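Single-structure report; data block below.
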Amino acid sequence: MSVKAKYQPVLDLGEQLGIKDGNVSVEGDVLKVKGEAKTQYEKNIIWDKIKEIGGEHPSDIKANITVEDESVYHRHIVKSGESLSKIAKHYYGDPMKYKQIFSANTNILSNPDVIHPEQVLVIPNL
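So for the sequence shown, UniProt numbering puts the first residue at 1; every next one is plus one.
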């Protein structure tokens, strides 16, 4: 299996996430991947997929993924049935961090218990 075929799920994920300025090349047995993610969260998703395939410290891939907007961790579009605590658990692993999400969105939220589908929430860097 070629190194590009091995990491094809990473390349597919990059396309799904809309990674900008993507560049993929193979040098010897090493896949070189370059691009720009919208947020740190999307960069982390790419790295998680790389590690899932190649292990914690893969030697057959070099990825240079930059982040377009470092002022936020992510921008989340609210779906029906979600709450700030569910969103906090998803991004931070801790539902109690909903307070940080609320604080970062007081321009559109007045009550942490009231969010609406299609609202775009800033998920702050912690």
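Backbone N, C-alpha and C define an ideal beta-carbon position, used for all residues, glycine too. Just so you know, these numbers come straight off a predicted model, no measurement behind them.
Residue environment, residue i, which counts as buried when at least 16 other CB atoms sit within 10 Å
i       : result
Ala-5   : exposed
Asn-107 : exposed
Gly-14  : buried
Lys-51  : exposed
Per-residue DSSP class, three states only, for residue i
i      : result
Val-72 : coil
Leu-11 : helix
Val-78 : coil
Leu-31 : strand
Leu-84 : helix
Whole-angstrom distance between residue j and residue i, CA atom to CA atom
i           : j       : result
Arg-75      : Met-1   : 37 Å
Gly-35      : Gly-22  : 4 Å
Glu-70      : Leu-126 : 12 Å
Glu-27      : Tyr-92  : 36 Å
residue 170 : Val-78  : Here the chain has residues from 1 to 126 only, and residue 170 is not among them.
Asp-12      : Glu-82  : 27 Å
Ala-37      : Gln-16  : 11 Å
Glu-56      : Pro-95  : 27 Å
Ile-87      : Tyr-98  : 7 Å
Lys-32      : Gly-54  : 14 Å
Host beta strand (DSSP E) of residue i (start-end)
i       : result
Asp-21  : 20 to 27
Asp-111 : Reading off the sequence, residue 111 comes out as Asn, not Asp. Counting along the chain, Asn-111 falls outside any beta strand (DSSP E), and DSSP gives it neither H nor E.
Lys-62  : 61 to 67
Leu-121 : 120 to 123
Whole-number beta carbon distance between residue j and residue i, since they are thought to touch under 8 Å
i       : j       : result
Val-120 : Ala-104 : Between Ala-104 and Val-120 the Cβ distance is about 12 Å, and since that is not below 8 Å, they are no contact.
Pro-124 : Tyr-73  : 6 Å
Val-67  : Gln-40  : 5 Å
Val-10  : Lys-49  : 5 Å
Bounding residues of the alpha helix (DSSP H) (the contiguous stretch that carries residue i)
i      : result
Asn-44 : 40 to 54
Lys-6  : 3 to 6
Lys-99 : 98 to 104
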